[in-house]
Amino acid sequence: MSTNATSPSGAGAEPWLIAGLGNPGPQYAGNRHNVGFMVADLLASRIGGSFKTHRARAQVLEGRIGTPGISSHRIILAKPMSFMNVSGGPVTALRDFYRVPVERIVAVHDELDIDYGALRLKKGGGDNGHNGLKSITKSLGPDYHRVRFGVGRPPGRMTVADYVLRDFSTVERKELDYFVDRAADAVEALVVDGLERAQSTYNS
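The sequence shown begins at 1 in the UniProt record's numbering and counts up one residue at a time.
Structure below.
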């Protein structure tokens, strides 16, 4: 469904900004908190390009998804290179640079209150204690889209911070690639088909 940036463009269509949330640095790469980066990386591989450093403190890739031609959709795929709790700065800077309306911004992030691997797509609402969303909402308001990737609650007395900053478990990793692939499909469906149709397919 994804195509590279050389495909024909739709006439004057505003782009979508897809922000996969996470923390920069190899020590965080496998963390539950970095599943947004994992989805962004997969989308980049589908588009067939590589991320470039942007002055907005983000890694950015421009491309298109959907049926090649005038019905395809331009996207700005981004991984903020600030830490999670200040994601709003890079996302806002990219919004301003590319002139993206807030209703065309999508945050892809981990979600504690959803079972592991399950997805929920929505527009607007609260941040549910997620520091990345809290930062984005403070900068943009709440009316952006979210693709929420379930990671479940921490076991026993483990703190939330310890839980999300740990790698997925050995058992979880057996299905992680499948769930990340499904989340990338959900992002594409949101952009191409709209929120309601994407919700009916992926809100499990």
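Using N, Cα and C, we set each Cβ at its ideal position, and we do this for glycine too.
*Locate the beta strand (DSSP E) running through F149, then write down its first and last residues.*
145–150
What are the boundary residues of the beta strand (DSSP E) that R120 is part of?
-> 119–123
So, is Q59 buried or exposed, given that buried needs 16 or more other C-beta atoms within 10 angstroms?
buried
Margin query: What would DSSP say about S9, mapped onto helix, strand or coil?
Written below: Confidence at S9 is low in this model, with a pLDDT of 37, below 50, so the placement of that residue should be treated as unreliable; the coordinate-derived value is given next. Three-state DSSP puts S9 in coil, outside helix and strand.
Residue(s) in a DSSP beta bridge with Q59: T53, K79
(message) According to DSSP, V106 sits in a beta bridge with which residue or residues?
(response) I18, H145
Starting from I47, trace the alpha helix (DSSP H) in both directions and tell me its first and last residue. 35–47
Task: Backbone CA spacing between M81 and S135 [nearest angstrom] - done: 14 Å
### Query
Could you give the C-beta distance for G132 and N85, rounded to a whole number, given that I count them as a contact under 8 Å?
7 Å
Next item on the list: Compare the Cα-Cα distances from G20 to each of E14, G48, L61 and report the closest residue.
Entry: L61
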